[in-house]
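Chemist: Each protein sequence line maps, in turn, to chains A, B and C.
So that you can map any letter, position 317 of the first sequence is 317 in this note's numbering, and since no number is skipped, the others follow by simple counting.
So that you can map any letter, position 188 of the second sequence is 1188 in this note's numbering, and since no number is skipped, the others follow by simple counting.
So that you can map any letter, position 152 of the third sequence is 2152 in this note's numbering, and since no number is skipped, the others follow by simple counting.
For every residue, glycine included, the Cβ atom is placed at its ideal position computed from N, Cα and C.
Dropping a structure here in structure tokens format, bear with me for questions.
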Amino acid sequence: MSGHTTNLRLKLPAICFLLQLLTILLFAVFVRYDRETSARLWHEELNHHNKSNRDNDFYFRYPSFQDVHTMIFIGFGFLMTFLKRYGFGSVAFNFLIAAFAIQWSTLIQGFFHSFHDGKIHIGIESMINADFCSGAVLISFGAVLGKTSPVQLLLMALFEVTLFGINEYVLLSIIGAKDAGGSMTIHTFGAYFGLMVSRVLYRPQLEKSRQREGSVYHSDLFAMIGTIYLWLFWPSFNSAITAHGDDQQRTAMNTYFSLAASTLATFATSALVNGEGKLDMVHIQNAALAGGVVVGTSGEMMLTPFGAMIAGFLAGLVSTLGFKFLTPILDSRLKLQDTCGVHNLHGMPGVLGALLGALVAALATQDIYGDGMADVFPFIADGSRTATYQGTCQFFALLITLGVAVVGGSLVGVILKIRTLGSPPDTQCFEDQIYWEVPEDHQDGYMMAVNSEDPDRSASSV
Amino acid sequence: MSGHTTNLRLKLPAICFLLQLLTILLFAVFVRYDRETSARLWHEELNHHNKSNRDNDFYFRYPSFQDVHTMIFIGFGFLMTFLKRYGFGSVAFNFLIAAFAIQWSTLIQGFFHSFHDGKIHIGIESMINADFCSGAVLISFGAVLGKTSPVQLLLMALFEVTLFGINEYVLLSIIGAKDAGGSMTIHTFGAYFGLMVSRVLYRPQLEKSRQREGSVYHSDLFAMIGTIYLWLFWPSFNSAITAHGDDQQRTAMNTYFSLAASTLATFATSALVNGEGKLDMVHIQNAALAGGVVVGTSGEMMLTPFGAMIAGFLAGLVSTLGFKFLTPILDSRLKLQDTCGVHNLHGMPGVLGALLGALVAALATQDIYGDGMADVFPFIADGSRTATYQGTCQFFALLITLGVAVVGGSLVGVILKIRTLGSPPDTQCFEDQIYWEVPEDHQDGYMMAVNSEDPDRSASSV
Amino acid sequence: MSGHTTNLRLKLPAICFLLQLLTILLFAVFVRYDRETSARLWHEELNHHNKSNRDNDFYFRYPSFQDVHTMIFIGFGFLMTFLKRYGFGSVAFNFLIAAFAIQWSTLIQGFFHSFHDGKIHIGIESMINADFCSGAVLISFGAVLGKTSPVQLLLMALFEVTLFGINEYVLLSIIGAKDAGGSMTIHTFGAYFGLMVSRVLYRPQLEKSRQREGSVYHSDLFAMIGTIYLWLFWPSFNSAITAHGDDQQRTAMNTYFSLAASTLATFATSALVNGEGKLDMVHIQNAALAGGVVVGTSGEMMLTPFGAMIAGFLAGLVSTLGFKFLTPILDSRLKLQDTCGVHNLHGMPGVLGALLGALVAALATQDIYGDGMADVFPFIADGSRTATYQGTCQFFALLITLGVAVVGGSLVGVILKIRTLGSPPDTQCFEDQIYWEVPEDHQDGYMMAVNSEDPDRSASSV
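Here is the structure:
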């Protein structure tokens, strides 16, 4: 019976074909190359606007795009391979839902940000933004990892991308908040959205799959590939869509130092909170990255290098403490089953990052920013806002993000509860074998689990 | 006896030293820095031609080069590590033959494309082209993986690079076909060349090594490193040598969307064709990449984003179906033993990509391309060709490529049959232990195979 | 008892917090954004110096920086995961000490190179240089890998970065030597420094941990990730801080060809020196990289492509022979226990690279370099030095580097002998379990080692 419900033979092809064909149709109707991507339009720019090929945004943004792209598909994908029996699902479902999310978000973000004369115009910047949006979906994926079918995940991506687009539009275009690296739009949104989905999909019997929730030695090394790539390229992530020139350089540098400091804080705290003074791979794999999240909003501002370090240091500390002390409480008290601990890596550091952004914005002065103010805070530069007001707007942007994420995640969780979406039974979570043809060396654990299921009917839950 | 024939002690050093010293000699005589790489010549450009360092092609192409370089050495190398007992050979022979191929192709391509005043002049673009050529060799390597010695592989590289250079010269310089991402020159050529080599080297007793042809759980994860890197950087691959400006950006974008669509098509088809609705790692590792291959010719053209998606979707579909239904037939009926299934990933999508390129070329109009026509179709722009004629040329370029690949691969296969080249016996294919010092944990399988060889003399073959 | 001394509970947090807080304090007092990173200052450049955003050094250097960053954290990190039971320590201690070293070296190098008006001004170039300096520390780490605690490693980084900064200042600013890719400052310095530390920390009873010093099959594949990334991005490493334009392109190209040649030399030599003609992963993982080290000084010069190939070829040859014949002698005769064989990969090729640099500098002529002379050899260009004199200076720079490394490494080794720094006992070297929470599948080997320790109570320690 359980074999039947998780059988993807018709469900997965149906949703993949449907979503892909719908996307192609909408692209055919609405999406066009922008002025820098179209052969005709770019050559008009060259001929009539005194530009050279060097001015094409490709050369300012493509290296950053490729770093972000690596983070989305290698970074997130391998970070989640830490599970001993869910490596295929981690890296490959990550691949599937991100491949869909970048297409769908091109449409959604396009409608909100580059819809002119009935057409969406796209280029390198929209590609980066699409990857960013898929990052939020992958953060949510981390919360429900191993407990959802690829059909559920594609549906989650469909709805989450849409809500992401709305929230981002409200924050950036209506409220006029700044959030280049997405402490709010990506990390806070993705984390709390995913946590709410996980809350609605709460599994009281998940204890039956706990023996598969850990790692093996080499799966932890695969996960480190993800960790290090995320860490390495986070400076590119935060700087990918900031203004050209000093802004990109400053954002990359702030992120670089914030991450370095969060790494030392993570190692220190990990050894400190462990009874035997041993380090815990879970902390290193995750909390060391909190330094990237926490400067997602303020990284483009004149944060100063030491300011970035303080932020990263605190983020690494808080994140590690979260893994040690908060995650078990969230699980037992609030019924929040957070497989990857996204609350520690993206949730709390995202909120901290939003607050830090509000603070640094409120401290902006003409003396510090000079003529660069217009790039970072256009409303302060043109006199329509004070720094304090900008800071206040940043703060409300956080509240709105939390609201959209919590309400949206709850609603989407309810949709994902539909029984025919192929969700794994409680006894077979964190197990590749239900969705994958697996090699011989991987087949025993599943059989063991299935067999142990019957005699263990009375197993207690969390 | 078999131990003797696969012993590399003299053969491998001899061919490595010989090829390397020959290459160094030819470089000493013929190869010089080009105008952008030479200290004297570039500073002449700066002083006398009103250029700035920003105009150096390094800044337009080096990031793309590094992405291509990563695809060649990490992407191809790890993609082939899926075999349970051939990980060393996969990644390291890939390393060896690519390291030789990039040197040799610099010479061969240099003679055809940048030979002036008795010297070959090289720079960043020749480095990209050399990597491209080595890509074709690595595709062929995929067809014969596990069944050939490194000595055979180096000889194959020597001849294949040479034939690649001739074919490319005929296509690009004589016929005037366009093929920036190499649907024809790289993928179609490499696949059918390798398949013919494999056909000539047909092993009727390969069944004796089938128990080693599969994967283990972690070898599939290593292979996913290769897959994802190839997928990620394919936009850079296809755009690396297109014209500056809109062309590079458009090519990258088309490839990005084609790959996303082929990923969804692959997941859908993989679940559909599996009896139990389970996904197959072989499909995900390979067919999801077909979207990059299929826009190799047309990616720089005004394909439109939705056109790229349709192409990618069909390529993923056809490629997955090929793995499921065509590969077994090719093996049993046509005696084509294709270890990595390069016919599905590079062969069919390459041919489709060539046909798509012919179609899109034939549809080119001044209205669509504007002044950008000269970059994409110089002969249409200068009035010497109609779009239809350009499309026809593209089609004949495909036929020529197929012809050169099939004839060339057959001839090279005959050369590689020489008995003293260290080829593994049928019982020891897909086995690292014959060429490598392996750690203890890897030693049993080989011994088992060798032992089982004796009592199993009458084993039937495919 | 031994469990107590390796307990990190207080030691590691104490040193991490102390070093990080000290660094933050020094950054707060001394470190400021440079003219290209500060919003106010860069916009002054834009407004008053006729610059455009394209001129920001970010666009010339950031792609190279990211490649270097990948080498430091992925390349070095995974290269060292070859040990069967020290994968966590390899990649994660690499992560920790590099994260500290980049911060500390920003200060040290800043004091020597960009200290104006009481402030250190930093930007993208200082980030690259900080990564370079951490590379030297990681080379030293390779010599002591598995035999030191993270507390010892952080202390080593603290002192080594400081001495690196002094040595670099003497070489580049006082002697006026050229060393863009660090054959001397990074490789020679890092290798001999680490070897001397290892010499002082000599463990006569290390034999007791030898059963853990080898690899397992998949740990060798993890190591190949490191190898290939180092190999791939070495062209970026050597060219990252050379002058804009031809210099960056030429350096990348020379390194590309040198590495290709060293790869063929390594495969050839590895098969040749093995009794059975088999290849050895240790050689491939390391010696193939010697081509990058050997052109670290001369890569930016007019070395010619074939000159680079000859250099790489010899470096691969010497390095492989070193692994086979020299390492055992250094261990048994000179008591140099060099876990990763850094003497073969960085030591000898570094010295060769320094000598090659001296030779190529001495051969510089106006005819070859033209107006590009000022970028490569400013003192020859302005007439204050002859080429021969520049070559002599290069040679003395090597001698000084060797002196500082040997004396400095010895002194730091003495400091690291302090008994309370958590160093592992001789029976538990190359073992993750003493510093890490490890998964179940990894726990046996350690227990076995601990148990075997008991009957051996009389074993003497360091």
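(1) Please state if the CB of Thr1023 (chain B) and the CB of Gln1103 (chain B) are separated by a distance shorter than 8 Å.
(2) Around the Cβ of Thr386 (chain A), are there at least 16 other Cβ atoms within 10 angstroms (buried) or fewer (exposed)?
(3) Quick one: complete alpha helix (DSSP H) runs, 4+ long, within the stretch 2078–2160 of chain C?
(4) Specify, as a first and last residue, the run of the alpha helix (DSSP H) that Arg385 (chain A) falls within.
(5) Check whether the stretch 2017–2031 of chain C and the stretch 256–269 of chain A touch, using three or more Cβ-Cβ pairs below 8 Å as the test.
(6) Can we say the stretch 1287–1296 of chain B touches the stretch 1175–1193 of chain B, given the rule of at least three CB pairs closer than 8 Å?
(7) Taking 8 Å as the threshold, find out whether the stretch 356–374 of chain A comes into contact with the stretch 149–165 of chain A through three or more Cβ pairs.
(8) Tell me the DSSP bridge mates of Val1031 (chain B)?
(9) Do Phe2082 (chain C) and Ser2215 (chain C) count as a contact pair if the criterion is CB distance below 8 Å?
(10) Taking Leu2107 (chain C) as the query, report the chain F residues whose CB atoms sit under 8 Å from its CB, ordered along the chain.
(11) Using Cβ-Cβ distances below 8 Å, what residues of the stretch 2249–2282 of chain C are close to chain A?
(12) If you count every other CB in all the chains shown that lies within 10 Å of the CB of Thr1006 (chain B), and 16 or more means buried, which is it?
(13) Taking 8 Å as the CB-CB cut-off, is Arg1009 (chain B) touching chain A?
(14) Keeping to the same chain, check which residues put their C-beta closer than 7 Å to that of Leu2402 (chain C); ignore five residues upstream and five downstream.
(15) State the DSSP-derived secondary structure class of Leu1041 (chain B), mapped to helix, strand or coil.
(16) Going by CA-CA distance only, name the one from B:Ala1101, B:Phe1078, B:Ala1261 that's closest to Cys16 (chain A).
(17) What does DSSP give as the partner residue(s) for Trp436 (chain A) in the beta ladder?
(18) Strictly under 8 Å for the Cβ-Cβ distance: is Ser1236 (chain B) near chain A by that measure?
(19) Can you tell which of A:Thr263, A:Leu272, A:His283 has its C-alpha closest to the C-alpha of Ala311 (chain A)?
(20) Determine whether the beta carbon atoms of Gly316 (chain A) and Ala358 (chain A) lie at a separation below 8 Å.
(21) What separation, rounded to the nearest whole angstrom, lies between the Cα atoms of Ser209 (chain A) and Ser2423 (chain C)?
(22) Do the stretch 30–45 of chain A and the stretch 114–133 of chain A touch if we need at least three Cβ pairs shorter than 8 Å?
(23) Could you compute how far the alpha carbon of Leu1145 (chain B) sits from the alpha carbon of Ile97 (chain A)?
(24) Using 10 angstroms around the beta-carbon of Ile2418 (chain C), count the other beta-carbons present and answer buried if the total reaches 16, otherwise exposed.
(25) So Met2301 (chain C) is in the alpha helix (DSSP H); what residue range does that whole segment cover?
(26) Determine the DSSP secondary structure at Phe1377 (chain B), reduced to helix, strand or coil.
(27) On the criterion of 16 or more Cβ atoms from any shown chain inside 10 Å, does Leu1008 (chain B) qualify as buried, or is it exposed?
(28) Identify which residue in B:Leu1356, B:Asp1131, B:Val1091 has its Cα closest to the Cα of Gly1299 (chain B).
(29) So, under 8 Å CB-CB, Phe93 (chain A) and Pro150 (chain A) are touching, yes? Tell me the CB distance rounded to an integer number of Å.
(30) Please tell me whether Asp1246 (chain B) has its Cβ less than 8 Å away from any Cβ of chain A.
(31) Using a cut-off of 9 Å between C-beta atoms, extract the partners of Thr1070 (chain B) located in chain C.
(32) I want to see whether chain C comes within less than 8 Å of Val1031 (chain B), judged by CB atoms only; does it?
(33) How do the stretch 2036–2045 of chain C and the stretch 2191–2207 of chain C stand: do at least 3 beta-carbon pairs fall below 8 Å, yes or no?
(34) Which residues of the stretch 2298–2316 of chain C have a Cβ closer than 8 Å to any Cβ of chain B? Give them in chain order.
(35) What residue range does the alpha helix (DSSP H) around Asp1371 (chain B) cover?
(36) Along the stretch 1212–1227 of chain B, what residues have a CB closer than 9 Å to any CB found in chain A?
Modeler: Reading from the atomic positions:
(1) Taking 8 Å as the Cβ cut-off, Gln1103 (chain B) and Thr1023 (chain B) qualify as a contacting pair.
(2) When all chains shown are included, Thr386 (chain A) counts as exposed.
(3) Here the runs fully enclosed are 2087–2113, 2124–2144.
(4) Premise fails: Arg385 (chain A) is in no alpha helix (DSSP H) and is neither H nor E.
(5) A contact exists between the stretch 2017–2031 of chain C and the stretch 256–269 of chain A.
(6) Touching, yes.
(7) The stretch 356–374 of chain A is not in contact with the stretch 149–165 of chain A.
(8) Residue pairing for Val1031 (chain B): DSSP places it in a beta bridge opposite B:Ile1120.
(9) Contact flag set, yes.
(10) Here chain F cannot be found, since the structure's protein chains are A, B and C.
(11) Here the close residues number zero.
(12) Thr1006 (chain B) comes out buried.
(13) For Arg1009 (chain B), the answer is no, since every Cβ of chain A falls outside 8 Å of its Cβ.
(14) Hits under 7 Å: Thr2188, Tyr2192.
(15) Residue state, collapsed to three classes: helix.
(16) Answer by Cα proximity: B:Ala1261.
(17) DSSP links Trp436 (chain A) through a beta bridge to B:Leu1279.
(18) For Ser1236 (chain B), at least one C-beta of chain A is nearer than 8 Å to its own C-beta.
(19) For the residues A:Thr263, A:Leu272, A:His283, the minimum Cα distance to Ala311 (chain A) belongs to A:Thr263.
(20) No, they are not a contact pair.
(21) When the Cα atoms are used, Ser209 (chain A) and Ser2423 (chain C) turn out to be separated by approximately 38 Å.
(22) Enough Cβ pairs lie closer than 8 Å, so yes.
(23) Taking the straight line joining both Cα atoms gives about 31 Å.
(24) In summary, Ile2418 (chain C) is exposed, with fewer than 16 beta-carbon neighbours lying within 10 Å of its beta-carbon over all protein chains present.
(25) Judged by DSSP secondary structure, Met2301 (chain C) falls outside any alpha helix (DSSP H); it is assigned neither H nor E.
(26) Here Phe1377 (chain B) sits in coil by DSSP.
(27) Leu1008 (chain B) comes out buried.
(28) Distances from the alpha-carbon of Gly1299 (chain B) to those of B:Leu1356, B:Asp1131, B:Val1091 put B:Leu1356 closest.
(29) Their Cβ separation, rounded to whole angstroms, is 5 Å, which keeps Phe93 (chain A) and Pro150 (chain A) in contact under 8 Å.
(30) Yes, Asp1246 (chain B) counts as interfacial toward chain A.
(31) Simply Ile2228, Tyr2229, Leu2232, Phe2233.
(32) Val1031 (chain B) has a beta carbon lying within less than 8 Å of a beta carbon in chain C.
(33) Counting Cβ pairs under 8 Å, fewer than three are found: no touch.
(34) The residues in question are Met2302, Thr2304, Pro2305, Phe2306, Met2309, Ile2310, Phe2313.
(35) Element bounds for Asp1371 (chain B): n/a, residue is neither H nor E.
(36) Cβ contacts with chain A come from Gly1214, Ser1215, Val1216, Tyr1217, His1218, Ser1219, Asp1220, Leu1221, Phe1222, Met1224, Ile1225, Thr1227.
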